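Chains A and B are the protein sequences, given in the same order. Numbered per my numbering, the first sequence spans residues 2 to 128. Numbered per my numbering, the second sequence spans residues 53 to 185.
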Amino acid sequence: MTYWAINAVFLGLVAVTAGAALLLRWVRARAARTSSAPGSLGPVVRAAGLATAVLLVMTAVFDNVMIGVGLVGYDESRISGAFVGIAPLEDFAYAVAALVLLPSVWTLLGSRRETEAAKAAGAREAR
Amino acid sequence: MGFAYLVVLLISIVGMATLDRRFGLFFWRDGWRAFVTLLVGVVFFLIWDIVGIDAGVFFRGETSFMTGVQLAPELPLEEVFFLVLLCWLTMNLLAGSRLVLDARAERRAASAGISTGAGPSPGAGPSTRDGRA
C-alpha cells in the first residue's frame, strides 16, 4: 500500500465528517431561518483560508526540520517522489485533514445546544 | 536516550495553552468540547500513523533526540505530543484567524465612520447606566 492510498482512505473519512458537519449547520440555519444568527459562511471561509495558509507553511518548515534531523524516515518505494524540500508531499495530508476534521468534530459536538439556540432564535423572530 | 524533541514539543504545547487562554480560542472557549475534539483528532491521527507504519511507509528515525520509548513498534512516545500540538495549533489558528480578520474589519469600519453593529461601540452602553441617560 502506498502512502497516497492510505491518505485517500483517511481523507475520505475526514470528508464524510465534514459533510455531516455541513449538513448540521444547514439544518441549524433552517431552524433559525427567520433570524440572521448562524449567518453566512463568508467570514468562516476567509478565516479558514488564512489558517490553512499559515498551517501549510508551518508544516513545510517543521516537517523539513524533523526529517532533516532524522526523527522520521520513509520507504522510498511507497511515496510518490513529490517533495516540498525534503518533506514528502503526502505528509501535508495530515495538516489538511486537521484543518477539516477538527472544526467538523467541534461543530458536531455543539449540535444539541446550538440547534436549540437556533430554534429559539427563530421562534423569537417569528413572533 | 534524549529528551530534546519531547522538551521542544512540550514548550510548544505550553505556548498553545498560553495563546488559547489569552484569547479564549479552544479549551478556554468550551473546555469539554475542546477536550473531546482534541481526543478524536489525536486518536484518528494515531490510527493513521499505525496504518502507515504497518504498511511500511514510514518509520522512526535512529536519532539521539528521542527518548526511545515506543508505544507500538516504530511509534515513539513523542508522536502523541506532536499530534496534540498539531490539533491544538490547528484549532487555535482557525479561531485566531477569525479574531484577527474580525478585528481588522471592525477597525476599517471604524476608520470609515460606519458602525458595524458588532461589539460595543465606544460611549454606548455604560454611560446609560450612570444616570446621564
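Yeah, the Cβ is synthetic: ideal placement off N, Cα and C, and Gly gets one too. In this text the structure is predicted, and so the values were computed from the model without any measurement.
Closer than 8 angstroms to the CB of residue 42/A there is not a single CB belonging to chain B.
By the criterion of at least three beta-carbon pairs nearer than 8 angstroms, the stretch 53-71 of chain A is in contact with the stretch 92-104 of chain A.
With fewer than 16 neighbouring CB atoms inside 10 Å of its own CB, residue 87/B falls in the exposed class. Spatial neighbours of residue 2/A in its own chain (CB-CB distance under 8 angstroms, excluding positions within 5 residues in sequence) are listed in chain order as 79.
DSSP links residue 89/A through a beta bridge to 84/A.
Sequence-ordered contacts of the stretch 87-116 of chain A with chain B read 95, 99, 100, 102, 103, 104, 106, 107, 110 and 111 [C-beta pairs closer than 7 angstroms]. Per the coordinates, the alpha-carbon of residue 114/B lies some 28 angstroms from the alpha-carbon of residue 97/A.
By the neighbour-count criterion, in which a residue is buried when 16 or more other Cβ atoms sit within 10 angstroms of its Cβ, residue 99/B is exposed. Per DSSP, reduced to three states, the secondary structure at residue 81/B is coil, with no helix or strand assignment. Neighbours of residue 9/A across chain B, judged by C-beta separation under 8 angstroms, do not exist; the nearest C-beta is about 12 angstroms away. CA-CA distance, residue 75/A to residue 109/B, rounds to 6 angstroms. Under a criterion of Cβ atoms nearer than 9 angstroms, no residue of chain B is adjacent to residue 57/A; the nearest Cβ is some 11 angstroms distant. Of 8/A, 107/A and 45/A, the smallest CA-CA separation from residue 22/A is found for 107/A. The C-beta separation of residue 48/A from residue 150/B comes to about 4 angstroms, placing the pair in contact by the 8 angstroms criterion.
Nearest C-alpha to residue 54/B among 117/B, 111/B, 104/B and 85/B: 117/B. Taking 8 angstroms as the cut-off, the Cβ atoms of residue 33/A and residue 123/A count as close. Not flagged as an interface residue toward chain A: residue 158/B, since no C-beta distance is shorter than 8 angstroms. Residue pairing for residue 73/A: DSSP places it in a beta bridge opposite 112/B. A direct Cα-Cα distance of roughly 41 angstroms separates residue 128/B from residue 155/B. Between residue 7/A and residue 104/B, the C-beta gap is smaller than 8 angstroms, which places the two residues in contact. Residue 51/A has a beta carbon lying within less than 8 angstroms of a beta carbon in chain B. In this structure residue 131/B is not in contact with residue 111/B, their Cβ atoms being roughly 12 angstroms apart against a cut-off of 8 angstroms. Within its own chain, the residues whose Cβ lies closer than 8 angstroms to the Cβ of residue 87/A, once the five positions on either side in sequence are excluded, are 65, 68 and 69, listed in chain order. Under the DSSP assignment, residue 61/B falls in the alpha helix (DSSP H) whose first and last residues are 56-75. Rounded to whole angstroms, the Cβ separation of residue 142/B and residue 99/A is 4 angstroms, and the two are in contact under 8 angstroms.
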